[in-house]
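Working notes for the structure below.
Number of protein chains: 2
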Amino acid sequence: MNSQTSPSSDALSVGICGLGTVGTGTLLLLQDNADEIAKRLDRAIAVSHVATRTLDAERSALLEKCGVPNSSTDPFAVVNDPQVQIVVETMGGYEPAFDVVKQALANGKHVVTANKALIAERGNELFPLAQANNVSLAFESSVAGGIPIIKALREGLAANQIDWLAGIINGTGNFIMTEMAARQTPFEDVLRRAQELGYAEADPSFDVEGIDAAHKLTIMGAIAFGIPLQFDKTYTEGISCITPDDISYADELGYCIKHLGIARRTEKGIEMRVHPTLLSKSRLLANVNGVGNAILVHGNAVGATLYSGPGAGAEATASAVVADLIDIGRQLSAGVHEPVYPALGYREMRDDLPVLAIDEIEAEYYLRIPALDKVGVLAKISSILQQHDISIEAVIQKEAISEIIPIVILTHRAAEKQLNHAISAIEALDDVSGSINRIRVEPFHGEAD
Amino acid sequence: MNSQTSPSSDALSVGICGLGTVGTGTLLLLQDNADEIAKRLDRAIAVSHVATRTLDAERSALLEKCGVPNSSTDPFAVVNDPQVQIVVETMGGYEPAFDVVKQALANGKHVVTANKALIAERGNELFPLAQANNVSLAFESSVAGGIPIIKALREGLAANQIDWLAGIINGTGNFIMTEMAARQTPFEDVLRRAQELGYAEADPSFDVEGIDAAHKLTIMGAIAFGIPLQFDKTYTEGISCITPDDISYADELGYCIKHLGIARRTEKGIEMRVHPTLLSKSRLLANVNGVGNAILVHGNAVGATLYSGPGAGAEATASAVVADLIDIGRQLSAGVHEPVYPALGYREMRDDLPVLAIDEIEAEYYLRIPALDKVGVLAKISSILQQHDISIEAVIQKEAISEIIPIVILTHRAAEKQLNHAISAIEALDDVSGSINRIRVEPFHGEAD
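So the protein lines, in turn, are chains P and U.
The opening position of the first sequence corresponds to residue 1 in the working numbering, with each subsequent residue numbered one higher.
The opening position of the second sequence corresponds to residue 1001 in the working numbering, with each subsequent residue numbered one higher.
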């Protein structure tokens, strides 16, 4: 492990690329908690160089207040600064972040990044580069903000074969689902409110379509199972199709609806999927509301453990960035030859656990079927389900809304492929008008939580 | 850091002292998950020597099945075995565990222990000895079973000043409180049931009087605030005084009652206390039921994060023991000169944060007052509270039970010392018959959970 020392002092010398929310939060946290951090690390952390796209008056004042000696508008000035031992990448996005991180690693500098998209989509290239240069590429802050879930999966639960994990890992989406449930308000209205409150971006698709959650799930799944990062194989479904009616039918059946990321090891391979999910209301996970994040992890020895807290925000994310800095600093002080923890928890990633396509999974399902108010329609639907080996656990038949009677069905465990065939067949019935809303149910078989 | 290598192979050589529940669980887990562990650690863990008090036929068969080459009835045979690199201490109790661990450390061996009593009460002697010998003394399994809370506090949240933490950290006690609430059954009856189910010991005092929880709180508090272990200053109050009536009055007020360990940094010093606590039913922590454990930690940057899961049991505890083994193994592989993490997270423990006596705290309180059915008694009580600067948040006056009317009062924040005076004065009233049941309320001011 490279342990370049700062020429002028014993402090750990850090460079920050990107002064957005997380970069600024990190700079301020290093200043505000400097005493506590120095006590834990046994040396100070000094930010010696910061790069920011626009070095305006406000940012210049901040840098001066925090005693940062060098600043630039070029992130490469930071990664090529020989004084900098650790580079914090908080620019976000793919470019120039990828090249900046690559250059930092090639220069023998440790890197701490909060960039989940970069890790999930380019980590397979970056981690070997870090290993080749004998430096750490740390990313605790890239998943679930301030919750130390990477450390828990890679270290705390290292004695376990991980069976599955399931998480609420997008605060915006969880805020929207919570508000929809609490106020019986349609998706679009809640989204607008979330945008007004600053919880959702002007272009919310990254959050509400599940892409952000899929990035985080990709990272957690790789650590849990020792497989390469495979974002392109992670199934992703957003929450815009959920209606207040779905939430109230689910409630009637004893469930709430959460946007979950689920990674599971099965005999056939690994399931990696992000989608709205029915969850028994009695679960702790079902009671995680608002912008909170929570991850439930099932290990074959420990059983189910839950980690919850703020999944976003400047300070919470900075808490994880600085924890990574302290971790690297402690390793350098201990005189390591190489990083103590392989980035994803394994020296060699395994290639014998394929990620399954979504139609290869089995699950339980909630179906909301827009049936016409005619005699015998439920019998026809039941018969189709039976033909596809799908058995029914519960049915709710609601009162007619105009000519449509929504029929809500909860199925027992079934093959997704069979269910797709059954849905097509039901939608083709003359007695059914429009498309079926299908939501997967997660019973968390085995002990939990 | 001592990195004595096993002469015969590349495997990490481990000795186990004590083949009770946790020791046996550790041996079996190392066998069952051997492949997964070897993938994560990049080398195998081999148990080369086991000491057990009684080497009966069953244990001999187990050792043979697990391929353990050497066994003994003397734990010192293990700690003095030059082949053993890491000693797992799972004997429990103070003696001979203390001497065994001491000798192991003196011999330059790393130690992993599940012994919370030993760490809480003798850690101040043992940790410096580990440091002097440049070896790790790891104890993740001593607190909250399989939940990696030590790692979270010491590493994951290292960037924070910890403001407070509060935990359900005794599974037996939480099982009893959960059952009392669910069935409206008195303490004694539930305790008997817990003993029949094997959740409580024949002598349950360690659990129900809060001593076990106080050991765990002492350890977490030391890591959270960087103070020496001070078990003798941790205030401890059991749950045997809680009645089904208290649970139902609390419920009426929107609270449940949990046996919590609370550690908090205040301007005056550190609060360390284990006692029954009223907790708003809407909190995640209030919904942790049965033998589960959960710890809510508030850091000044991250806010509140929650860690929950199985707090006991052979496999869950073994999960943490083996995680410590993997951690030490990874450090040895990385060629450290000294352990990466100071045992309690700080190189120097601070002496400027005294632990406060219980009558120096401030809290909110629930009081159940056995008043006689006379006119004006509530007025007299209110007047006494007012004289002691204690204001009332809510009152429930129940129907008369024989000649006693229980009056239940919820106070605003008050000084415990004042409250004690007020309680004495109220108990001295002619209109009050018997002693007042006082339970502290925890509002978790600031954002949570």
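Beta carbons: idealized from backbone N, C-alpha and C, even for Gly.
Along the chain, which unbroken stretches of the alpha helix (DSSP H) at least 4 residues long are found entirely within the stretch 21 to 90 of chain P? 21 to 32, 34 to 41, 57 to 65, 75 to 79
For U/H1421, which of helix, strand or coil comes out of DSSP? Within the second sequence, the letter at position 421 stands for residue 1421 of chain U. Helix at U/H1421.
Residues from the stretch 1296 to 1309 of chain U in contact with chain P, defined by Cβ distance under 8 Å: G1299, N1300, A1301, V1302, G1303, A1304, T1305, L1306, Y1307, S1308, G1309
DSSP bridge partner residues for U/P1096 (one or two, in chain order): Counting from one through the second sequence, the residue named residue 1096 of chain U turns up at place 96. None; U/P1096 has no bridge partner.
What's the gap between the Cα of U/T1185 and the Cα of U/N1174? Working through the second sequence from its first residue, we reach residue 1185 of chain U at position 185. Working through the second sequence from its first residue, we reach residue 1174 of chain U at position 174. About 14 Å.
Less than 6 Å between C-beta atoms, sequence neighbours within five positions excluded: which residues of the same chain meet that for U/P1310? As a working note, residue 1310 of chain U is residue 310 in the second sequence. Result list for U/P1310: G1145, G1146, A1316, in chain order.
Counting only runs of 4+ residues fully inside the stretch 89 to 171 of chain P, write out the alpha helix (DSSP H) ranges in chain order. For the stretch 89 to 171 of chain P, whole alpha helix (DSSP H) runs of length 4 or above, ordered along the chain, are 97 to 106, 116 to 132.
Just mark P/K281 as buried or exposed, buried being the case when its beta carbon has 16 or more other beta carbons within 10 Å. To locate residue 281 of chain P, count along the first sequence from 1; it is residue 281. It is exposed - the Cβ of P/K281 has fewer than 16 other Cβ atoms within 10 Å.
Can you tell me which of the three DSSP states P/Q230 falls into? Locating residue 230 of chain P in the first sequence gives position 230, counting from the first residue. P/Q230: coil per DSSP, three-state reduction.
Which residues in chain P have a C-beta closer than 9 Å to the C-beta of U/P1339? List them in chain order. As a first step, residue 1339 of chain U must be located in the second sequence, where it is residue number 339. Chain P residues near U/P1339: A334.
Proximal residues to P/G329 (C-beta, below 6 Å), its chain only, five neighbours per side dropped: Translated into positions along the first sequence, residue 329 of chain P becomes position 329. Cβ within range, chain order: L12, L41.
Given P/L285 as reference, the closest of P/E267, P/G303, P/Y307 once Cα atoms are compared: The count along the first sequence starts at 1 and reaches residue 285 of chain P at position 285. It is P/Y307 whose Cα lies nearest to the Cα of P/L285.
Taking the alpha-carbon positions, what's the P/V297 to P/A159 distance? Taking the first residue of the first sequence as position 1, residue 297 of chain P is located at position 297. Taking the first residue of the first sequence as position 1, residue 159 of chain P is located at position 159. The alpha-carbon separation between P/V297 and P/A159 amounts to approximately 13 Å.
Distance, U/Q1031 Cα to U/G1290 Cα: Within the second sequence, the letter at position 290 stands for residue 1290 of chain U. Within the second sequence, the letter at position 31 stands for residue 1031 of chain U. Going from the Cα of U/G1290 to the Cα of U/Q1031 covers about 30 Å.
By alpha-carbon positions, which one of U/G1025, U/A1414, U/A1214, U/A1422 ends up nearest to U/S1383? Position 383 of the second sequence holds residue 1383 of chain U. Closest by alpha carbon: U/A1422.
With 16 other CB atoms within 10 Å as the buried threshold, where does P/H337 fall? Residue numbering aside, residue 337 of chain P sits at position 337 when the first sequence is read from its first letter. Exposed, since its Cβ has fewer than 16 Cβ neighbours within 10 Å.
U/Q1103 to P/N300 span [Cα, whole Å]: Locating residue 1103 of chain U in the second sequence gives position 103, counting from the first residue. Locating residue 300 of chain P in the first sequence gives position 300, counting from the first residue. For U/Q1103 and P/N300, the distance between alpha carbons rounds to 34 Å.
Contact under 7 Å by Cβ, P/V87 with P/K116: Taking the first residue of the first sequence as 1, we reach residue 87 of chain P at position 87. Taking the first residue of the first sequence as 1, we reach residue 116 of chain P at position 116. No, they are not a contact pair.
Would you say P/R183 reaches chain U, if we count a Cβ-Cβ gap shorter than 7 Å as a contact? For this step, residue 183 of chain P is matched to residue 183 along the first sequence. Chain U, which has no Cβ nearer than 7 Å to the Cβ of P/R183, makes this no.
CB P/V190 to CB P/G238, shorter than 7 Å? Numbered from its first residue, the first sequence carries residue 190 of chain P at position 190. Numbered from its first residue, the first sequence carries residue 238 of chain P at position 238. Going by C-beta atoms, P/V190 is not nearer than 7 Å to P/G238.
Tell me which residues share the same chain as P/T500 and place their Cβ nearer than 6 Å to its Cβ, disregarding the 5 neighbours each side in the sequence. Nothing about residue 500 of chain P can be read from this structure; chain P reaches only from 1 to 449.
Please look up how many angstroms separate the CB atoms of U/I1162 and U/A1224, rounded, as I've assumed it's under 8 Å. Taking the first residue of the second sequence as 1, we reach residue 1162 of chain U at position 162. Taking the first residue of the second sequence as 1, we reach residue 1224 of chain U at position 224. Right, their Cβ atoms sit about 4 Å apart.
Under 7 Å, Cβ to Cβ, is there at least one residue of chain P near U/Q1397? On the second sequence, residue 1397 of chain U is found 397 positions in, with the first residue counted as 1. No - not a single Cβ of chain P is within 7 Å of the one on U/Q1397.
Let's see if you can read the secondary structure: which residues bound the alpha helix (DSSP H) around U/P1380? Translated into positions along the second sequence, residue 1380 of chain U becomes position 380. Position check: residue 1380 of chain U holds Lys in this sequence, whereas Pro was assumed. Looking at the DSSP string, the run of the alpha helix (DSSP H) that includes U/K1380 is 1377 to 1387.
Let me make sure I understand the geometry here. Which of P/D389, P/V340, P/E362 has the alpha-carbon closest to that of P/A138? If you number the first sequence from 1, residue 138 of chain P lands on position 138. Comparing alpha-carbon positions, the option among P/D389, P/V340, P/E362 lying closest to P/A138 turns out to be P/V340.
Which same chain residues, not among the five before or five after P/T113, have their C-beta less than 6 Å away from its C-beta? One-based indexing of the first sequence puts residue 113 of chain P at position 113. E89, F139, listed in sequence order.
Kindly say whether P/L353, judged by its beta-carbon, lies nearer than 7 Å to any beta-carbon of chain U. For the purposes of this step, residue 353 of chain P is identified with residue 353 of the first sequence, where counting begins at 1. False, the Cβ-Cβ gap to chain U never drops below 7 Å.
Does P/F444 get closer than 7 Å to chain U when you measure Cβ to Cβ? Here residue 444 of chain P refers to the residue found at position 444 when the first sequence is read from its first residue. Chain U contact via Cβ: absent.
For U/K1116, verify whether its CB is less than 6 Å away from any heavy atom of the ligand MN. Judged by which ligands are present, the structure shown has none, so any question about the ligand MN falls away.
Since U/E1393 is in the beta strand (DSSP E), which residue starts that stretch and which ends it? If you number the second sequence from 1, residue 1393 of chain U lands on position 393. From DSSP, the beta strand (DSSP E) with U/E1393 extends over 1392 to 1397.
Please state the DSSP three-state secondary structure of P/L19. Here residue 19 of chain P is taken as the residue at index 19 of the first sequence, counted from 1. Here DSSP, grouped into helix, strand and coil, assigns P/L19 to coil.
Assigned exposure category for U/Y1094 - 16 Cβ within 10 Å defines buried: Residue mapping note: residue 1094 of chain U aligns to position 94 of the second sequence, counting from 1. Exposed, by the Cβ-count rule.
Residues of the stretch 251 to 284 of chain P with a CB closer than 7 Å to any CB of chain U: list them in chain order, please. L284
In this structure, how does DSSP classify P/S433 when only helix, strand and coil are distinguished? Locating residue 433 of chain P in the first sequence gives position 433, where the first residue counts as 1. Correct three-state label for P/S433: coil.
Output the boundary residues of the alpha helix (DSSP H) element that contains P/K374. Residue mapping note: residue 374 of chain P aligns to position 374 of the first sequence, counting from 1. P/K374 -> no alpha helix (DSSP H), and no H or E assigned at all.
Can you pull out the residues from the stretch 17 to 39 of chain P whose beta carbon lies closer than 7 Å to at least one beta carbon of chain U? L29, N33, E36, I37, K39
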